[in-house]
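A.B. asks: If you read the sequence shown in the working numbering, its first letter stands for residue 2, the second for the next number, and so on.
For glycine and all other residues, C-beta sits at the position ideal for the given N, C-alpha and C.
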Amino acid sequence: MRADLSNKNRIVVKIGTSSLIYPNGAINLAGIDELAFVLAALQNQGKEIILVSSGAIGVGMNKLNLKERPVEIPQQQAVAAVGQSELMTIYNQRFQSYSQQTAQILLTRDIIEFPQSRQNVSNTLEQLLTMGIIPIINENDTVAVDELDHLTKFGDNDQLSAIVAQLTKAELLIMLSDIDGFYSANPLNDPEAVLYSEINEITPELLEQATGKGSPYGTGGMTSKLKAAQRILDLNSHMLLANGKQPKIIFDLLAGEPVGTHFYQRTEDEQ
Ligand code: ADP
Numbered sequence: 002m003r004a005d006l007s008n009k010n011r012i013v014v015k016i017g018t019s020s021l022i023y024p025n026g027a028i029n030l031a032g033i034d035e036l037a038f039v040l041a042a043l044q045n046q047g048k049e050i051i052l053v054s055s056g057a058i059g060v061g062m063n064k065l066n067l068k069e070r071p072v073e074i075p076q077q078q079a080v081a082a083v084g085q086s087e088l089m090t091i092y093n094q095r096f097q098s099y100s101q102q103t104a105q106i107l108l109t110r111d112i113i114e115f116p117q118s119r120q121n122v123s124n125t126l127e128q129l130l131t132m133g134i135i136p137i138i139n140e141n142d143t144v145a146v147d148e149l150d151h152l153t154k155f156g157d158n159d160q161l162s163a164i165v166a167q168l169t170k171a172e173l174l175i176m177l178s179d180i181d182g183f184y185s186a187n188p189l190n191d192p193e194a195v196l197y198s199e200i201n202e203i204t205p206e207l208l209e210q211a212t213g214k215g216s217p218y219g220t221g222g223m224t225s226k227l228k229a230a231q232r233i234l235d236l237n238s239h240m241l242l243a244n245g246k247q248p249k250i251i252f253d254l255l256a257g258e259p260v261g262t263h264f265y266q267r268t269e270d271e272q
């Protein structure tokens, strides 16, 4: 039996590009609309919701009619700058139809390295949550190139979502990907792979079972999700990894339905 997580109040939701963009490059407007519906409904129930969204480059490529992802970093940054504002326009429209206000927050690693910056971000987020506004967070791709050139480990949105969960003392991080959860091997290569319903510790064996991104639009792959999960376990908080194809899955996850993979530390009584 999966633990009932419906009492979790402050929730960070991270959505990957592959849930926002179809393989043919078109924007998944139906998925974005469903996500807005679910998050607005949770907000109406009195929960505090923060969305960490990838997708700026994918949406920018769509907007600029680019068939190939640009190779040069400045080109990627330009496409991300176009895509980020377009993505926020789409989010604003969809959330607006559910009478939900949103705000854009673009972050860099300063929030880890400089306590004052960290405090400023924390103050802004707390104020937005108090006002019932859903912050929509992404890395500031113009300033930080980590995610775009994959040179460092902290630059992807999986890490960013875990850092935001830590900063805001969120009780739950829901990571929506293009796959049902964490498997004993990448199901793309191994049809025998089995889904883990629950993980309580990130072992070297699990790290070996994780490989890279699954689609051209994916970013960190499972290795990056396990690293994010490690941060969450260190905080003694909870993370759910599930398929973002139908964001209404969030209702099932909170109700304790056995979908996705639940990362949490077992208490001594449960061991
Ligand atoms: P997103 O950024 O949308 O979350 P990613 O491509 O970064 O997507 O990560 C999801 C992908 O990770 C899956 O599509 C899958 O191909 C790959 N993957 C690698 N190893 C595993 C594993 N052990 N279990 C599940 N997925 C895995």
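When the Cβ atoms of the segment 124–131 are set against those of the segment 32–48, are three or more pairs found closer than 8 Å?
C.D. replies: Output reads no: the segment 32–48 does not touch the segment 124–131.
A.B. asks: Helix, strand or coil, according to DSSP, for Val83 in the structure here?
C.D. replies: Note: Val83 maps to helix in three-state DSSP.
A.B. asks: Which partner residues of Lys15 appear in the DSSP bridge assignment?
C.D. replies: Answer is Val53, Met176, bridged to Lys15.
A.B. asks: Is DSSP giving Ile28 helix, strand or coil here?
C.D. replies: DSSP places Ile28 in strand when its eight states are reduced to three.
A.B. asks: Tell me whether the beta-carbon of Ala163 lies closer than 8 Å to the beta-carbon of Arg232.
C.D. replies: Yes. Within cutoff.
A.B. asks: In chain order, what residues of the same chain lie with their CB nearer than 8 Å to the CB of Gln10, ignoring the 5 residues before and after it?
C.D. replies: The displayed chain sequence assigns Asn, not Gln, to residue 10. Taken in chain order, the residues that qualify are Gly47, Lys48, Glu49, Glu172.
A.B. asks: Quick check: the segment 60–68 against the segment 83–93, are at least 3 beta-carbon pairs closer than 8 Å?
C.D. replies: With a cut-off of 8 Å, the segment 60–68 and the segment 83–93 count as touching, because enough Cβ pairs lie within range.
A.B. asks: Can you tell me whether Asn201 is helix, strand or coil according to DSSP?
C.D. replies: Asn201: coil per DSSP, three-state reduction.
A.B. asks: What would DSSP say about Leu6, mapped onto helix, strand or coil?
C.D. replies: Reduced to three states, the DSSP call for Leu6 is coil.
A.B. asks: If you draw a straight line from the C-alpha of Gln102 to the C-alpha of Thr212, how long is it?
C.D. replies: Near 37 Å, if we compare the C-alpha coordinates of Thr212 and Gln102.
A.B. asks: Return the residue from the list Pro75, Pro259, Pro248, Gln167 that minimises the CA-CA distance to Glu35.
C.D. replies: Glu35 has its Cα closest to that of Pro248, out of Pro75, Pro259, Pro248, Gln167.
A.B. asks: Return the CA-CA distance between Leu88 and Glu209, expressed in angstroms with no decimal places.
C.D. replies: Their backbone Cα atoms lie some 35 Å apart in a straight line.
A.B. asks: Who are the Cβ neighbours of Ser98 in its own chain at under 6 Å, not counting the five residues just before and after it?
C.D. replies: Correct list: empty, nothing qualifies.
A.B. asks: Return helix, strand or coil for Ile135, following the three-state DSSP convention.
C.D. replies: Three-state DSSP puts Ile135 in a strand.
A.B. asks: Following a CB-centred definition, is Thr18 positioned closer than 7 Å to any heavy atom of the ligand ADP?
C.D. replies: Yes, the Cβ of Thr18 comes within 7 Å of a heavy atom of the ligand ADP.
A.B. asks: Along the chain, where does the beta strand (DSSP E) containing Thr224 start, and where does it finish?
C.D. replies: Run containing Thr224: none in the beta strand (DSSP E); it sits in the alpha helix (DSSP H), 222–235.
A.B. asks: On the CB-based measure, 16 or more other CB atoms within 10 Å of its CB, does Pro192 come out buried or exposed?
C.D. replies: Exposed, since its Cβ has fewer than 16 Cβ neighbours within 10 Å.
A.B. asks: Where does Asn93 sit, in a helix, a strand or coil, going by DSSP?
C.D. replies: Reduced to three states, the DSSP call for Asn93 is helix.
A.B. asks: Under three-state DSSP, which class holds Phe264?
C.D. replies: Three-state DSSP puts Phe264 in a strand.
A.B. asks: I'd like the list of long-range same chain contacts for Ser100, defined as Cβ closer than 8 Å, with 5 residues on each side in sequence excluded.
C.D. replies: Excluding positions up to five away in sequence, the list reads Ala41.
A.B. asks: Start and end of the alpha helix (DSSP H) containing Ile251?
C.D. replies: Taken as a continuous stretch (DSSP letters only), the alpha helix (DSSP H) holding Ile251 covers 250–255.
A.B. asks: Can you list, in chain order, the residues of its chain whose CB lies under 7 Å from that of Asp111, leaving out five sequence neighbours each side?
C.D. replies: Around Asp111: Ser118.
A.B. asks: Could you check the C-alpha separation between Glu73 and Ile22 for me, to the nearest Å?
C.D. replies: Roughly 21 Å separates the two Cα atoms.
A.B. asks: In this structure, what does DSSP give as the bridge partners for Asn244?
C.D. replies: Paired residues: Ser178.
A.B. asks: How long is the line joining the alpha carbons of Glu206 and Gln78, rounded to whole angstroms?
C.D. replies: For Glu206 and Gln78, the distance between alpha carbons rounds to 36 Å.
A.B. asks: Does DSSP put Leu65 in a helix, in a strand, or in coil?
C.D. replies: Coil.
A.B. asks: Quick check on this structure: which residue in Leu30, Val122, Gln120 has the alpha carbon closest to the alpha carbon of Asn93?
C.D. replies: The option with the nearest alpha carbon to Asn93 is Leu30.
A.B. asks: Got a sec? Which residues, its chain only, sit under 6 Å from Leu255 by beta carbon, not counting five neighbours each side?
C.D. replies: The residues are Leu6, Ser7.
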